[in-house]
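Residue numbers (our numbering): 39 to 308.
Yeah, the Cβ is synthetic: ideal placement off N, Cα and C, and Gly gets one too.
A quick note: this is a predicted structure, and the numbers were derived from the prediction, not measured.
Have a look at the structure below, then the notes.
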């Protein structure tokens, strides 16, 4: 139980923020490792991991949020940029949340390893194409609110396992000609309200089911590990994309998706 909580906390933190899909890995890895007792996919562990990644977003980006709030309340160029970004985040959050809620059962029904593998490969190819062909024309303070809202709205596709919230927003941003680091930073900002909302919904479900009092030690460890690793991954990615392309993530997605399909084929024929 402790091992599962800690391993999956690391997996959640790394794959939630890198453009390689947390849902895809969290579906595939327990299956590959043979964790079939149900704990690895339990609601309580999911809550703990989401709380950890939410804490990571707040800890890593609190200066950005403070900058946005001060800008919204201020005047001048800073205020205009902050209001544009904040409006895009708010509109995208409301739109994605409103569209996702009635369709949540549809996306739950798509939680199969082969679906995740196919999405990892397909959207990995799109990430590589967008990054390669997208001309860099806009920075964080020059892109329009419409462009930022499109990037935020693209998070809706991340409800499909294997797509990746970070991956689809980076793909959308690069396709629109926004520089990599600006897109990554906005992606993390735009995902913060949604990750907090998912955590709150799951926590409410866990409380109603009376499941939160069990396995306190492993759950707290999972939350702490996800938070600490998540902060490190966010900071690393923002530094990495400032001077590197995204092809390495696209290549990994395609390779991992291929390996998963091969594993499923071998297991199915065994």
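*So what does DSSP say about residue 105, is it helix, strand or coil?*
As a position in the chain shown, residue 105 is number 67, starting the count at 1. In this structure, residue 105 counts as helix in the three-state DSSP scheme.
*For residue 47, which option in 277, 278, 260 and 171 has the closest C-alpha, if you only look at C-alpha atoms?*
The residue given as residue 47 occupies position 9 in the chain shown. Of 277, 278, 260 and 171, the residue nearest in Cα terms is 260.
*Helix, strand or coil: which one does DSSP assign to residue 73?*
Counting from 1 along the chain shown, the entry for residue 73 is found at position 35. In this structure, residue 73 counts as coil in the three-state DSSP scheme.
*Are residue 120 and residue 132 close, meaning C-beta to C-beta below 8 angstroms?*
Residue mapping note: residue 120 aligns to position 82 of the chain shown, counting from 1. Residue mapping note: residue 132 aligns to position 94 of the chain shown, counting from 1. Not closer than 8 angstroms, so no.
*Complete alpha helix (DSSP H) runs within the stretch 111-180 (minimum length 4 residues, chain order)*: Within the stretch 111-180, the complete alpha helix (DSSP H) runs of at least 4 residues fall at 114-138, 142-146 and 151-171.
*Sorted by chain position, which residues of the same chain lie with C-beta nearer than 6 angstroms to residue 100's C-beta, five sequence neighbours on each side aside?*
Along the chain shown, one-based indexing puts residue 100 at 62. Excluding residues within five positions, none has a Cβ falling inside 6 angstroms.
*Where does residue 67 sit, in a helix, a strand or coil, going by DSSP?*
Here residue 67 is taken as the residue at index 29 of the chain shown, counted from 1. In the structure shown, residue 67 sits in a helix (DSSP, three-state: H, G or I).
*Tell me, please, whether the stretch 214-224 touches the stretch 149-167 by the rule of three or more beta-carbon pairs shorter than 8 angstroms.*
Short answer: they don't touch.
*asked:* If I measure Cβ to Cβ from residue 93 and keep anything under 6 angstroms in the same chain, skipping five residues before and after, which residues do I get?
replied: The residue you call residue 93 lines up with position 55 of the chain shown. Only residues of its own chain outside the window of five on either side were considered, and among them 265 have a CB closer than 6 angstroms to the CB of residue 93, listed in chain order.
*Residue span of the alpha helix (DSSP H) that contains residue 50, given as start and end*: Within the chain shown, the letter at position 12 stands for residue 50. Taken as a continuous stretch (DSSP letters only), the alpha helix (DSSP H) holding residue 50 covers 40-55.
*To the nearest whole angstrom, what separates the beta carbons of residue 285 and residue 169, a pair I think is in contact under 8 angstroms?*
The residue given as residue 285 occupies position 247 in the chain shown. The residue given as residue 169 occupies position 131 in the chain shown. Contact holds; Cβ gap of about 7 angstroms.
_Element boundaries [alpha helix (DSSP H), containing residue 255]_ = Stepping through the chain shown from its first residue, residue 255 is reached at position 217. Per DSSP, residue 255 belongs to the alpha helix (DSSP H) from 254-278.
*asked:* On the DSSP letters alone, give me the boundaries of the alpha helix (DSSP H) that residue 205 sits inside.
replied: Position 167 of the chain shown, counting from 1, holds the residue named residue 205. Note, residue 205: alpha helix (DSSP H), 203-213.
*Express the C-alpha separation of residue 174 and residue 237 in angstroms, rounding to a whole number.*
Taking the chain shown and counting its residues from 1, the one referred to as residue 237 is at position 199. Taking the chain shown and counting its residues from 1, the one referred to as residue 174 is at position 136. Using only the alpha carbons, I get a separation of about 34 angstroms.
*Below 8 angstroms between beta carbons: does that hold for residue 206 and residue 98?*
By one-based count along the chain shown, residue 206 stands at place 168. By one-based count along the chain shown, residue 98 stands at place 60. It is not a contact, given that the beta carbons lie outside the stated cut-off.
*Is residue 58 helix, strand or coil by DSSP?*
Residue 58 sits at position 20 when you count from the first residue of the chain shown. Here residue 58 sits in coil by DSSP.
*Which residues bound the alpha helix (DSSP H) around residue 189?*
To locate residue 189, count along the chain shown from 1; it is residue 151. Start and end: 183-191.
*Shortest alpha-carbon distance to residue 171 belongs to which of 268, 239, 89 and 216?*
Walking along the chain shown from the start, residue 171 turns up at place 133. Each of 268, 239, 89 and 216 was checked against the Cα of residue 171, and the nearest Cα belongs to 216.
*Given residue 219, which residues of its chain have a CB within under 7 angstroms of its CB, disregarding the five upstream and five downstream residues?*
One-based indexing of the chain shown puts residue 219 at position 181. Closer than 7 angstroms at Cβ, skipping near neighbours: 276, 279 and 280.
_C-beta contact flag for residue 298 and residue 155 at 8 angstroms_ = As a first step, residue 298 is located in the chain shown; it is residue number 260 there, counting from the start. As a first step, residue 155 is located in the chain shown; it is residue number 117 there, counting from the start. Yes, Cβ-Cβ distance for residue 298 and residue 155 is below 8 angstroms.
*Tell me the DSSP bridge mates of residue 323?*
Examination of residue 323 is not possible in this model, given that the chain is present from 39 through 308 alone.
*asked:* With a threshold of 6 angstroms on Cβ separation, who are the neighbours of residue 192 within its own chain once the five nearest residues in sequence on each side are excluded?
replied: As a working note, residue 192 is residue 154 in the chain shown. Around residue 192: 206, 207 and 210.
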